[in-house]
Amino acid sequence: MACKPALLTLAAVVISLLPPVTFATSPLGFRATITRAPQYPGNYSAAARRDGRRLASLSNATAGGARTSTGSSSRGLLQALVENGVGAYHMILSIGTPPLAFPAILDTGSDLTWTQCAPCTACFAQPTPLYDPAASSTFSSLPCASPPCQALPSAFRACNATGCAYDYRYTVGFTAGYLAADTIALGGASFPGVAFGCSTASGGDMDRASGIVGLGRGTLSLVSQLGVGRFSYCLRSDADAGASPILFGSLANVTGGKVQSTPLLQNPVARRGPYYYVNLTGITVGATDLPVAFGFTASGAGGVIVDSGTTFTYLADAGYAMVRQAFLSQMADVQTVSGAPYDFDLCFAAVAAGADVPVPRLVLRFAGGAEYAVPRRSYFDAVDERGSVACLLVLPTRGVSVIGNVMQMDLHVFYDLDGGAFSFAPADCATL
Numbered sequence: 088m089a090c091k092p093a094l095l096t097l098a099a100v101v102i103s104l105l106p107p108v109t110f111a112t113s114p115l116g117f118r119a120t121i122t123r124a125p126q127y128p129g130n131y132s133a134a135a136r137r138d139g140r141r142l143a144s145l146s147n148a149t150a151g152g153a154r155t156s157t158g159s160s161s162r163g164l165l166q167a168l169v170e171n172g173v174g175a176y177h178m179i180l181s182i183g184t185p186p187l188a189f190p191a192i193l194d195t196g197s198d199l200t201w202t203q204c205a206p207c208t209a210c211f212a213q214p215t216p217l218y219d220p221a222a223s224s225t226f227s228s229l230p231c232a233s234p235p236c237q238a239l240p241s242a243f244r245a246c247n248a249t250g251c252a253y254d255y256r257y258t259v260g261f262t263a264g265y266l267a268a269d270t271i272a273l274g275g276a277s278f279p280g281v282a283f284g285c286s287t288a289s290g291g292d293m294d295r296a297s298g299i300v301g302l303g304r305g306t307l308s309l310v311s312q313l314g315v316g317r318f319s320y321c322l323r324s325d326a327d328a329g330a331s332p333i334l335f336g337s338l339a340n341v342t343g344g345k346v347q348s349t350p351l352l353q354n355p356v357a358r359r360g361p362y363y364y365v366n367l368t369g370i371t372v373g374a375t376d377l378p379v380a381f382g383f384t385a386s387g388a389g390g391v392i393v394d395s396g397t398t399f400t401y402l403a404d405a406g407y408a409m410v411r412q413a414f415l416s417q418m419a420d421v422q423t424v425s426g427a428p429y430d431f432d433l434c435f436a437a438v439a440a441g442a443d444v445p446v447p448r449l450v451l452r453f454a455g456g457a458e459y460a461v462p463r464r465s466y467f468d469a470v471d472e473r474g475s476v477a478c479l480l481v482l483p484t485r486g487v488s489v490i491g492n493v494m495q496m497d498l499h500v501f502y503d504l505d506g507g508a509f510s511f512a513p514a515d516c517a518t519l
């Protein structure tokens, strides 16, 4: 079965240049859900192209969101659900009083949470009604002097009659509007006065979602505003199996004998960036340990991030070349075919339509001794409806390396911001 690609086409935005500010206070913990609509074979080409556009922005970002530490890993008791859509994993978010619910893309590579607002002069097609500020009794626009507005980069904000206006131009697509505050609800919990982007003009492929839930490390991200120092999620690989959980605060944890942990890093130059960096120290293909390195350059380029908003996994050119050669040498008896029609680099012909291609194992090794034996479908899978072509779901990049959401499928992953660690373990998402 072909894997289910998931992709956020809008690139992550670096949005916070000031010291951390907490705008709302959360309860002890909360839970929400991640959802994903049924997918269709043959979406790989579009996903790979959109990933490429996203990576351009990830690599070009050199400054951004402030590292936020809440000082208490027990704050927040919330759980929600996440579903996997055709292009990304979605959360259901509600804004306003009375609340209006809409699907928003789960994005650990972005800070700003935003949704399309009425009146919208140039919004992309979306499946839910527009959020109408006039219909909410708890809505307020934010002035330019407010801390949330000041947390926006000066190049992207302006003052006008509405208040704090913003205009973000992504590598592909855009969102423009004004910064506002309202009650936000998810997972059965509600939080007053949360800052978000009220988008009155937007464009780009948003995978049928109406906005973004920014879960990055910066001041305006949802985790920072709610004051939670930890969160975890589990992304189901099977779109038909139902929703996946995302947990915040004291509910967020990963336990058991198979838990692996590695430190979260900061970019030495862009220390206030929104990204979750990890130290990938080595890769094993089959029985071959590769001497790969993914460190930072003097300018702050490079490194490896964990990003729920990117579909596939991307490795810096030199490291990818070693991985590619290792697969080629260990699969010498399997016919290679062009991956160009699917926008992949390394593809093989199945022995027969629908048959499995013999593939060496793939293991990622991290600082601290953590190792991730990647399930086959998360790094190698059929990319056509007949199952006659299978490709390595890892691609080269010239910038930051990215562990995308396909490689995170069927894992319980845990971001411990207070403890400075990233942990993971294989999991049945339905049991969490």
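Under the working numbering, the very last position in the sequence shown is 519; numbers go up by exactly one each time. C-beta: ideal position from N, C-alpha, C; glycine also. Note that the structure is predicted; figures quoted are calculated from it, not measured.
query	result
Cutoff 7 Å; reference residue 448; Cβ partners in own chain excluding five residues on either side	373 and 460
Proximity of residue 467 and residue 131 at Cβ, strictly below 8 Å	no
Rounded separation between residue 353 and residue 296 - CA only	30 Å
Residue 135 beta carbon less than 8 Å from that of residue 402	no
Span separating the alpha-carbon of residue 333 from that of residue 499	9 Å
Close beta carbons around residue 510, own chain, < 6 Å, minus the five adjacent residues each side	341, 346, 348 and 501
Beta-ladder partner(s) of residue 502, from DSSP	318 and 509
Cβ separation of residue 277 and residue 270, assumed to be a contact under 8 Å, to the nearest whole Å	5 Å
Neighbour-count burial assignment, residue 473, 16 or more Cβ in a 10 Å radius	exposed
Three-way DSSP call (helix, strand, coil) for residue 415 in this model	helix
Beta-bridge pairing of residue 447 - partner residues as DSSP gives them	Answer by DSSP bridge pairing: none, since residue 447 is not bridged.
Supposed close pair residue 437, residue 475 - CB separation, criterion 8 Å	5 Å
Between the CA atoms of residue 191 and residue 434 - distance to the nearest angstrom	33 Å
Residue 350 - containing beta strand (DSSP E), residue span	347-352
Residue nearest to residue 344 in terms of C-alpha spacing, selected from 514, 119 and 122	514
Where the beta strand (DSSP E) containing residue 181 begins and where it ends	176-182
N- and C-terminal bounds of the beta strand (DSSP E) containing residue 331	331-336
Counterpart residues of residue 286 in DSSP-defined beta bridges	203 and 264
Span of the alpha helix (DSSP H), counted from its first residue to its last, around residue 236	234-237
As assigned by DSSP and simplified to three states, the class of residue 406	helix
Spatially closest choice to residue 210 from 119, 289 and 120, by CA coordinates	289
N-terminal and C-terminal residue of the beta strand (DSSP E) that residue 309 is part of	No beta strand (DSSP E) contains residue 309, which is instead part of the alpha helix (DSSP H) from 309-312.
When 119, 486 and 193 are compared against residue 389, the one with the closest alpha-carbon	486
Inter-stretch contact (C-beta, 8 Å, three-pair minimum) for the region 214-227 and the region 299-306	no
8 Å Cβ cutoff met for residue 199 and residue 189	no
Contacting residues, own chain, Cβ-Cβ under 6 Å from residue 323 (five flanking each side not counted)	331 and 516
Assigned secondary structure, residue 483 (DSSP; H/G/I helix, E/B strand, else coil)	strand
From 445, 453 and 491, residue whose alpha carbon lies closest to that of residue 465	491
Alpha-carbon spacing of residue 338 relative to residue 417, whole angstroms	43 Å
Under 8 Å between C-beta atoms of residue 236 and residue 266	yes
Distance, residue 248 Cα to residue 316 Cα	36 Å
Cut-off 7 Å between Cβ atoms - residues of its own chain near residue 454, not counting five sequence neighbours on either side	349, 350, 366 and 368
Distance between residue 410 and residue 424 (C-alpha atoms, nearest Å)	18 Å
CA nearest to the CA of residue 314, picked from 329, 325 and 281	281
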